Amino acid sequence: MVFQRKDGGNTRRILVLITVLLLMLSVAGCGTKTKRPSYPGDDGDSVTFVDDMGRKVTIKRPERIVSLAPSSTEILFALGLGDKVVGVDDYSDYPADVSKIDKVGGYNKPSLEKIVALKPDLVLADIIHEETVKKLEELGIPVAVVSPQDLEGVLTSIRWIGIATGANEQAAQLEAKLLERIRLVDEKVATIPQEERPWVYYEVFSDPIMTAGPNTLSSELIVRAGGRNIAYDAATDYPEVSPEAIVSRNPDVIIFPEVHGTGSVQAETIKNRPGWGTIKAIQNGRLYSIDANIISRSGPRVVEALEQLVQLFYQE
């Protein structure tokens, strides 16, 4: 059975997709791979590069940065640049110090007025902010699009933001630490035969039931952690699937994103679905929640999600 989007009302589907987009936050473009930015050329006072929207951008070393995506916000703070961040989108919530920073509106439609009022010398935008990017360009405000879609993209974005902000050394150190943690995961998974790796169902959304297709960050993390995504043949990034399709795939492990401490309620909902008691994951008690942000937000903490998935799959 091939996972495909089920037929349904267009209005309802649009509302669901908007909800999923907000859940995914900074995984803009719904997992579609985008061209990585070129490495900045540094002439001392400014850097020039091609960003994730294919725009050639030249910026001076920034002192006042506005981030429009939670992933960029996390990278900036991980590089020790929190004191230069003067504005963030409403969904940026990590680390805790972000709560003290001015908010510029929703992730999907930030307030241009609020951004301009903060007088930034750099705005970090995402792929979905095309309209905002154009308006900022017209106002002469430097803006760069950073939209990592996979693990490699996260590392590249860390490197790029480090160079663009003068935090080269911090970026190199952070990248090295993350690469070492990834290496340890790869080393362990390499010893596990393909046929012994668990089949995994990741429930992105529960009503309607939606999962993550093979070209998403979540799926990459599952596979890299030694799992096999039951939606490996999905035709879209976040397909809507029937309960019967999940039962027929009979996953060994079920993973779902936990939001605001609702994990136990979600687990009971999944377990009590008609017919799902025959699924191996439920029969064997292998139903696990994971922080929605670390598995879907393309920032440094994706490596934490990778490590957690390995532990869940292999009970370490």
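Numbering (our numbering), first residue to last: 123 to 438.
Every residue gets a Cβ at the ideal spot worked out from N, C-alpha and C, and that includes glycine.
Every value quoted in this text rests on a predicted model; they were computed, and no experiment measured them.
What is the rounded straight-line gap between the Cα of G349 and the Cα of M332? Within the sequence shown, the letter at position 227 stands for residue 349. Within the sequence shown, the letter at position 210 stands for residue 332. Whole-angstrom Cα-Cα distance: 18 Å.
Backbone secondary structure at T287 - three-state DSSP: In the sequence shown, counting from the first residue as 1, residue 287 sits at position 165. Helix at T287.
Let's see if you can read the secondary structure: which residues bound the beta strand (DSSP E) around Y216? As a first step, residue 216 must be located in the sequence shown, where it is residue number 94. Counting along the chain, Y216 falls outside any beta strand (DSSP E), and DSSP gives it neither H nor E.
Give me the residue from I280, A286, E252, V220 with the minimum Cα distance to V179. Numbered from 1 along the sequence shown, position 57 holds the residue referred to as residue 179. Comparing Cα positions, the closest option is A286.
CA-CA distance, G407 and E302? Within the sequence shown, residue 407 is the residue found at index 285, counting from 1. Within the sequence shown, residue 302 is the residue found at index 180, counting from 1. Near 32 Å, if we compare the C-alpha coordinates of E302 and G407.
Can you tell me where the alpha helix (DSSP H) holding P361 begins and where it ends? Counted from its first residue, the sequence shown places residue 361 at position 239. Careful: P361 lies outside any alpha helix (DSSP H) and carries neither H nor E.
In angstroms, rounded to a whole number, what distance separates the CA positions of G421 and E297? Along the sequence shown, read from residue 1 onward, the residue named residue 421 stands at position 299. Along the sequence shown, read from residue 1 onward, the residue named residue 297 stands at position 175. Those two C-alpha atoms are separated by around 12 Å.
Is the beta carbon of I181 sitting closer than 8 Å to the one on S194? As a position in the sequence shown, residue 181 is number 59, starting the count at 1. As a position in the sequence shown, residue 194 is number 72, starting the count at 1. No, Cβ-Cβ distance for I181 and S194 is not below 8 Å.
Okay, do the stretch 205 to 222 and the stretch 303 to 319 touch, 3+ Cβ pairs below 8 Å being the bar? no
Go ahead and pull the three-state DSSP assignment for S411. By 1-based counting over the sequence shown, the position of residue 411 is 289. In this structure, S411 counts as strand in the three-state DSSP scheme.
How many Å lie between P270 and P373 at the Cα? By 1-based counting over the sequence shown, the position of residue 270 is 148. By 1-based counting over the sequence shown, the position of residue 373 is 251. Taking the straight line joining both Cα atoms gives about 29 Å.
Within 10 angstroms of the Cβ of V387, are there 16 or more other Cβ atoms? Answer buried if so, exposed if not. For this step, residue 387 is matched to residue 265 along the sequence shown. Exposed.
Taking Cβ to Cβ, would you say A389 is nearer than 8 Å to S411? The count along the sequence shown starts at 1 and reaches residue 389 at position 267. The count along the sequence shown starts at 1 and reaches residue 411 at position 289. Yes, these two residues count as a Cβ contact at 8 Å.
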